[in-house]
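Asks: Mind the numbering: the sequence shown is residues 3 to 484 in the working numbering, read in order. Submitted below is the structure of interest, expressed as structure tokens.
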Amino acid sequence: MRTTLATGEGGGRGGLLVLIPGTGGLLTVAALGIALLLLLIIKFRLQPFVALLTVSIAVGLAAGLSVTELFGTVQKSGAVSLVESGMGGTLGHIAVIIGLGTMLGSVLEVSGGAEALSSRLLTLFGERRAPLAMGVTGVLFGIPVFFDVGIFVLAPIVYAAARRSGRSILLYALPLVAGLSMTHAFLPPHPGPVAAAGLLKVDLGWVILMGAAAGIPAVLAAWAYAAWIGERVFVPVPADMVAAAEEARAAVTTERHGDEAPVPLGTLLAVIGTPLLLILLATFSSVLFEPSTGRSVLEFFGHPFVALTIALLLAYWLLGIRRGWSRTSLEQVSTASLKPVGNILLVVGAGGVFGAVLKGSGVAQALADTFADAGLPVVVLAWLISVVLRVAQGSATVAIVTTAGIVAPMLGDGVSQPYGALVIVAISAGSIFASHVNDGGFWMVAKYFGIPERVALRSWTVLESVLSVAGFGVVGVLSLFL
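See the structure below:
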């Protein structure tokens, strides 16, 4: 192993004699760091935020970084430490987006938007195509709403459809959760793709475009598997969950003023589609038009912060004020929705710290050089690394932010925005592979829909793998042309 002795003064290496590993040593540090991360999360059940932060510090010190480089000094000299830059740089990009997106989803949820959307789609598709209607509901409602919230809100509709038909609940539940899972993994404003976009410095417009291009064929493949397994394995509607759902629905109906009329489908689509349209217009304006006032206007309104703010204000007006909500109700719904966001932001921020330490210590560059020598395309490596991390520790968010930190140096500065977006989608696809017993989503799907564990492994776990592989397959094809 090649090593170098280095000394630093002032803000360099803190004036200490430091043993800096060569490429082989840096790769060993990376492997041990990832192994430690998995050990802390899997074996010791350490909270992912704490585990990521601990591993970031350990990797930095093992790779030769000084305490000053990691944390700065008590008396600031103007230099920003890696921990601060990693945390602040990442959260500065995604915190606003996730916060606005979460509040938007909450207003849609409490206003009865999910029920209105599914009811209209069920009417449109008819009873025979009810599973397809549930799948489309999952995709559309999943854009602004977190995966677990979508299951909680839409589960009663699945129960009702399955009871009316007398068929297996898998036939209705799996298309729904496939849609929710695809949008949660592939599309902003969900935390995973937004965090990866920040770490890889890719426009959200391109992430939306590539995410949809890969996600729609992937979810169609998942729906085909759902139809196949749903006809072969019968799972009855869980009576206890139906009773609990009816109680929850009654509580939510009271909260949103039970005499409200159903939300018009056009209103729902306008609220969901407005931010996506504005962001895409801004992305394409920078490609198609020369600098001008018109382009500046499109880029202003299409900035994710502005686009989501407009969508949220639109939801406040169309789904709240116009339907009799008080300003106090709107404030309470918005504030309550932000309570679960803290953990997500901390995990993503710690992932940003891990990426900054990998880059600042030279570990990321050593990994990039080694993977480049392997001859595999970046999109393939991104998917494989994400798959390994996902299967090992269960959290899609941890898999995404960790993989993005490892992959970022492989892209360099000259990579195009569309290709960078494809890499993000490859990472996202890998992050949902083979959901099993170490993933909270596995237990949520199994328990909400009364699916025995063995059947959940045959249905939900395989469904997630189909989504992952199909999405990655589309990414691989698209990468040949970019």
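Note that CB positions come from ideal geometry on N, CA and C, so glycine has one too.
#1: For S331 and G103, what's the separation of their Cα atoms in angstroms?
#2: My understanding is that R460 touches S433, with C-beta atoms under 8 Å, so please give their C-beta distance in whole angstroms.
#3: For P277, count neighbouring C-beta atoms within 10 Å of its own C-beta (all shown protein chains included) and say buried if the count is 16 or more, exposed if not.
#4: H95 lies in the alpha helix (DSSP H); which residues open and close that run?
#5: Only counting the same chain, and skipping five residues up and downstream in sequence, which positions put a Cβ closer than 7 Å to that of A97?
#6: Whole angstroms is fine: what's the gap from L93's alpha carbon to A197's?
#7: Restricting to Cα atoms, I'd like to know which of V417, A394, L386 and Q419 is closest to I408.
#8: Would you kindly work out how many angstroms separate the C-alpha atoms of P342 and I153, rounded to a whole number?
#9: Hey, would you say I99 sits closer than 8 Å to P190, going by beta carbons?
#10: In whole angstroms, give me the CA-to-CA distance for H438 and A394.
#11: Does the segment 173-181 come close enough to the segment 230-237 to have 3 or more Cβ pairs within less than 8 Å?
#12: Quick check: the Cα distance between G414 and L222, rounded to an integer number of angstroms?
#13: Which of the three DSSP states, helix, strand or coil, is assigned to Q395?
#14: Got a sec? Which residues, its chain only, sit under 6 Å from L300 by beta carbon, not counting five neighbours each side?
#15: From which residue to which residue does the alpha helix (DSSP H) around P193 run?
#16: Contact defined as beta carbons within less than 8 Å: I believe L211 pairs with G422. What is the distance between those atoms, to the nearest angstrom?
#17: How about the segment 57-66 and the segment 322-330: do they share at least three Cβ pairs that are nearer than 8 Å?
#18: Give the secondary structure of V239 by DSSP, where H, G and I count as helix, E and B as strand, and everything else as coil.
#19: Could you check if T70 is buried or exposed, using at least 16 other CB atoms within 10 Å of its CB as the buried criterion?
#20: From this set, T185, A220, V355 and A263, which residue's C-alpha is nearest G90's C-alpha?
#21: Please report how far the alpha carbon of V381 lies from the alpha carbon of G101, in whole angstroms.
#22: Just tell me which of A33, S336 and W462 has its CA closest to the CA of L182.
#23: Note down the Cα distance separating L48 from M105, rounded to an integer number of angstroms.
#24: Regarding G353 and the ligand MN, is the C-beta to nearest heavy atom distance less than 7 Å?
#25: Is DSSP giving E257 helix, strand or coil here?
#26: DSSP on N345, reduced to helix/strand/coil?
#27: Kindly indicate which three-state DSSP category W327 falls into: helix, strand or coil?
#28: Would you kindly report the start and end of the unbroken alpha helix (DSSP H) that includes R166?
#29: Classify V289: buried if its beta carbon has 16 or more other beta carbons within 10 angstroms, exposed otherwise.
#30: How many angstroms separate the CA atom of V464 from the CA atom of A53?
#31: Considering just the uninterrupted stretch of the alpha helix (DSSP H) at L67, what are its terminal residues?
#32: Could you compute how far the alpha carbon of S481 sits from the alpha carbon of L28?
#33: Taking the alpha helix (DSSP H) that Q419 belongs to, which residues open and close that run?
#34: Going by alpha carbons, who is nearest to L267 out of S113, L84, L134 and A376?
#35: Quick one: residues in its chain with C-beta nearer than 6 Å to the C-beta of V447, no 5 flanking neighbours on either side, listed in chain order?
#36: Roughly how many whole angstroms lie between the Cα atoms of R165 and P240?
Replies: Put simply:
#1: About 18 Å.
#2: In this structure R460 does not touch S433 by the C-beta definition: roughly 21 Å separates them, more than the 8 Å allowed.
#3: The residue in question, P277, is buried, as its Cβ has 16 or more Cβ neighbours within 10 Å.
#4: For H95, the uninterrupted alpha helix (DSSP H) run begins and ends at L84 to V112, by DSSP.
#5: Non-local beta-carbon contacts of A97 in its own chain, meaning distances under 7 Å to residues more than five positions away in sequence, involve L347 in chain order.
#6: Between L93 and A197, the C-alpha separation is close to 8 Å.
#7: The shortest Cα separation from I408 among V417, A394, L386 and Q419 belongs to L386.
#8: In a straight line, the C-alpha of P342 is about 16 Å away from that of I153.
#9: For I99 and P190, yes; Cβs fall inside 8 Å.
#10: Taking the straight line joining both Cα atoms gives about 10 Å.
#11: Cβ pair count under 8 Å is three or more, so yes.
#12: A straight-line Cα-Cα distance of about 34 Å links G414 and L222.
#13: Of the three classes helix, strand and coil, the one that applies to Q395 here is helix, per DSSP.
#14: Around L300: L283, A284 and S287.
#15: Per DSSP, P193 belongs to the alpha helix (DSSP H) from P193 to L202.
#16: 12 Å between Cβ atoms; not a contact.
#17: The answer is no - the segment 322-330 does not touch the segment 57-66, with fewer than three Cβ pairs under 8 Å.
#18: Note: V239 maps to coil in three-state DSSP.
#19: Taking all protein chains shown into account, T70 has 16 or more neighbouring C-beta atoms within 10 Å of its C-beta and is therefore buried.
#20: The candidate whose alpha carbon is nearest that of G90 is V355.
#21: A direct Cα-Cα distance of roughly 29 Å separates V381 from G101.
#22: A check of alpha carbon separations from L182 across A33, S336 and W462 identifies W462 as the nearest.
#23: When rounded, the distance between both Cα atoms is 29 Å.
#24: Judged by which ligands are present, the structure shown has none, so any question about the ligand MN falls away.
#25: With a pLDDT of only 49 at E257, under 50, the local geometry of the prediction cannot be trusted, and the value read off the model is given with reservation. Helix at E257.
#26: Here N345 carries a helix assignment [DSSP, helix/strand/coil].
#27: Coil at W327, not helix or strand.
#28: DSSP places R166 inside the alpha helix (DSSP H), whose first and last residues are F149 to S167.
#29: Exposed.
#30: When rounded, the distance between both Cα atoms is 29 Å.
#31: Annotation for L67: no alpha helix (DSSP H) segment contains it, and DSSP assigns it neither H nor E.
#32: Roughly 30 Å between the two C-alpha positions.
#33: Per DSSP, Q419 belongs to the alpha helix (DSSP H) from Q419 to G432.
#34: Closest option to L267, Cα to Cα, is S113.
#35: Spatial neighbours of V447 in its own chain (CB-CB distance under 6 Å, excluding positions within 5 residues in sequence) are listed in chain order as V179 and W462.
#36: Roughly 10 Å between the two C-alpha positions.
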